[in-house]
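A short worksheet on the structure shown next.
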Amino acid sequence: MPKMSTKTDTTTKPYKIIVVTNDKEFLKTLNNRFDKNYHFLHSQPVDNVIKKAGNLQPDLILKDISKRNNKNFQILKALKNDFRTHHIPVIIVTEKEKPGNIEEFFDAGASDNITKLFTPSETRLIIKTHLELKRKIDENKEMNLIKTKFFSIMTNDIKDILIGVKGIAGFLVKDLEDNSEKTSEVVKMARILYDDSKELYKFLENLIEWSSIETSQREIKPENIKFHDLLNNTIENFQSDISQKKTNIISKYDENIKLITDKMALSTVMFHLISNAIKYSHKNGNIIIRAEAINKSSNTRIIIEDNGIGMDKDVVKHIFQLDTPHPKTIGTNNEKGTGLGLIICRSVIEKILGKINIESKKHRGTKATVIIPELK
2 MPKMSTKTDT
12 TTKPYKIIVV
22 TNDKEFLKTL
32 NNRFDKNYHF
42 LHSQPVDNVI
52 KKAGNLQPDL
62 ILKDISKRNN
72 KNFQILKALK
82 NDFRTHHIPV
92 IIVTEKEKPG
102 NIEEFFDAGA
112 SDNITKLFTP
122 SETRLIIKTH
132 LELKRKIDEN
142 KEMNLIKTKF
152 FSIMTNDIKD
162 ILIGVKGIAG
172 FLVKDLEDNS
182 EKTSEVVKMA
192 RILYDDSKEL
202 YKFLENLIEW
212 SSIETSQREI
222 KPENIKFHDL
232 LNNTIENFQS
242 DISQKKTNII
252 SKYDENIKLI
262 TDKMALSTVM
272 FHLISNAIKY
282 SHKNGNIIIR
292 AEAINKSSNT
302 RIIIEDNGIG
312 MDKDVVKHIF
322 QLDTPHPKTI
332 GTNNEKGTGL
342 GLIICRSVIE
352 KILGKINIES
362 KKHRGTKATV
372 IIPELK
């Protein structure tokens, strides 16, 4: 839910602007006064502007109304009433000054007004403002679609778990009603039911945690944190798993290293990364944890690396994409996962302005690198 970056990059994706005019000099002036990030596409007033805009999906339409024509209002209304073009802002272009009936144009669907005798800086600002606003709206729509698909994937996963729980629960009820003496079978089924219930509970916990992070329900509070202490507290949560697998935790960092960031956020990241490293490590496997200050910056690099089962490159490629179903890899001790751990990590890290990168090879382990900046 990526991120999903919301940063506009006009160097790689120029703005497309349809200019509806018969005035070739005006079109030439626009091309001369705007840089290559603004791609002006000419359309004659007699053209089918709605069809052209619907096909090209421009970021903006400039409609020349310097020549009075009843079709000006018709075109504006048609653009706003067509499902393909209603979201595209339209700026009307006048000869020297605003027309006396400017409000009628706004009522018809115009977003703003510029004149042909424009001041380059002022007009550039007006056009840029509407372009950036539309791009932000489009990005928010895209993000909502991604999140909708993500929740669809998640609810299907929950449904699959509940089907299993329901089936086993039904079996137990029938078996008990029949006064069955197959105690071992009942115990076995009860164990499966218990494990699936735990998995579902953990799944929902992670989903709630991610939702809370995404909706910014908790304020970020920077504080001075001793990494060694935070790491030890995190590892305490996994002592049983570490002992069972005889996992070797190898620390390679200065015990006095400190970070200035949100403690709960950093704890969440470390919890999920260490949990994954242990889950996918073989018996007697090694997990190496490094932390170091990055030269000439106030950032800290944290690396958690294991020599466990690893992942295919296609899984790594889509590991942070909300709208891609993730294969639920079973741990080396048959531990089940929710597939949400790394997505939660990415969301948390973005909230504290950091970065995360995952490298992995099948049967050769996984390396998670996190950059944590100093929060002022």
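For the sequence shown, my numbering begins at 2 and goes up steadily by one. Beta carbons are placed, not taken as given, at the ideal position from N, Cα and C, and that holds for glycine. Given the structure is predicted, the values throughout are model-derived calculations rather than measurements.
query: Do three or more CB pairs link the segment 79–90 to the segment 50–60 at distances below 8 Å?
result: yes
- prompt: Got a sec? Which residues, its chain only, sit under 6 Å from Asn308 by beta carbon, not counting five neighbours each side?
  reply: Gly286, Asn287 and Gly366
task: Please report the residue range of the alpha helix (DSSP H) in which Ile275 lies.
output: Under the DSSP assignment, Ile275 falls in the alpha helix (DSSP H) whose first and last residues are Lys264 to Lys280.
message: With distance defined between alpha-carbon atoms, name the residue in Val94, Ile320, Asn234 and Asn249 nearest to Ser282.
response: Of the residues Val94, Ile320, Asn234 and Asn249, the one whose Cα lies closest to the Cα of Ser282 is Asn249.
query: Below 8 Å between beta carbons: does that hold for Ile18 and Leu42?
result: yes
task: Enumerate in chain order the residues of its own chain whose CB-to-CB distance from Ala278 is below 6 Å, with the five nearest sequence positions on each side excluded.
output: Around Ala278, the same chain offers Ile288, Ile305 and Asp307 as residues with beta carbons nearer than 6 Å, after the five sequence neighbours per side are excluded.
DSSP state of Gly332 mapped onto helix, strand, coil: Three-state DSSP puts Gly332 in coil, outside helix and strand.
message: What would DSSP say about Asn23, mapped onto helix, strand or coil?
response: coil
Terminal residues of the beta strand (DSSP E) in which Phe228 lies: Not the beta strand (DSSP E): Phe228 falls in the alpha helix (DSSP H), residues Phe228 to Glu237.
message: Measuring straight from C-alpha to C-alpha, what distance separates Thr330 and Ile162?
response: 15 Å
query: Got a sec, what are the start and stop residues for the beta strand (DSSP E) Gly366 sits in?
result: Gly366 to Ile373
query: Can you give the beta carbon distance from Lys352 to Ala266, rounded, assuming they're within the 8 Å contact cut?
result: 6 Å
message: With the cut-off set at 8 Å, would you say Leu1 and Ile373 are in Cβ contact?
response: Because the chain in this structure spans residues 2 to 377, residue 1 falls outside the shown range and cannot be described.
- request: Starting from the C-beta of Asp10, find all residues in its chain whose C-beta is less than 6 Å away, skip the five residues before and the five after it, and write them out in chain order.
  value: Since pLDDT at Asp10 reaches only 38, below the 50 mark, its modelled position is unreliable, and the value read off the structure follows with that caveat. Residues of the same chain with their beta carbon placed closer than 6 Å to that of Asp10 are lacking, with the five preceding and five following residues left out of the count.
N-terminal and C-terminal residue of the alpha helix (DSSP H) that Asn73 is part of: From DSSP, the alpha helix (DSSP H) with Asn73 extends over Lys72 to Asn82.
query: Should Glu96 and Thr124 be called a contact, given that it needs their Cβ atoms to be closer than 8 Å?
result: no
- request: Might you give, ordered along the chain, the residues of its own chain that have their beta carbon closer than 6 Å to the beta carbon of Thr7, omitting 5 neighbours on each side?
  value: A caution first: Thr7 carries a pLDDT of 30, below 50, which makes its placement in the model too unreliable to give a value.
query: Just the Cα atoms here: how many angstroms apart are Asn358 and Thr370?
result: 5 Å
Whether Thr262 touches Ile303 by CB criterion (8 Å): Against a cut-off of 8 Å, the Cβ pair of Ile303 and Thr262 comes out as no contact.
Straight-line gap, Lys253 to His229 (C-alpha atoms, nearest Å): 11 Å
query: Is Arg125 helix, strand or coil by DSSP?
result: helix
- request: Compute the Euclidean distance between the alpha carbons of Pro15 and Leu132, then round it to the nearest angstrom.
  value: Whole-angstrom Cα-Cα distance: 11 Å.
- prompt: For Thr30, which of helix, strand or coil comes out of DSSP?
  reply: helix
query: Closest to Met271 by CA distance: which of Leu118, Lys222 and Gly342 is it?
result: Gly342
task: Could you please give the first and the last residue of the uninterrupted alpha helix (DSSP H) stretch that includes Asp242?
output: Gln240 to Lys246 is the extent of the alpha helix (DSSP H) around Asp242.
- request: Can you say whether Lys39 is buried or exposed, counting buried as having 16 or more other CB atoms within 10 angstroms of its CB?
  value: Looking at the sequence itself, residue 39 is Tyr, so the reference to Lys does not match. Tyr39 comes out buried.
message: Measuring straight from C-alpha to C-alpha, what distance separates Asn383 and Glu375?
response: Because the chain is modelled from 2 through 377, residue 383 falls outside the range shown and cannot be assessed.
query: What are the boundary residues of the alpha helix (DSSP H) that includes Glu105?
result: Ile103 to Ala109
- prompt: From Pro3 to Leu134, what does the alpha carbon distance come to, in whole angstroms?
  reply: Caution applies to Pro3, whose pLDDT of 36 falls short of 50 and renders its modelled position unreliable; the model cannot decide the point.
query: Are the beta-carbon atoms of Lys72 and Gly110 separated by less than 8 Å?
result: no
- prompt: To the nearest angstrom, how far is it from the Cα of Ile93 to the Cα of Lys64?
  reply: 5 Å
query: Residue range of the alpha helix (DSSP H) that Lys52 falls in?
result: Val50 to Leu57
query: Cα-Cα, which of Ser298, Lys368 and Arg347 is closest to Gly311?
result: Lys368
field: For Thr86, three-class secondary structure by DSSP
entry: Three-state DSSP puts Thr86 in coil, outside helix and strand.
query: What's the gap between the Cα of His364 and the Cα of Ala54?
result: 51 Å
- prompt: Nearest-angstrom Cα distance between Lys377 and Pro223?
  reply: When rounded, the distance between both Cα atoms is 7 Å.
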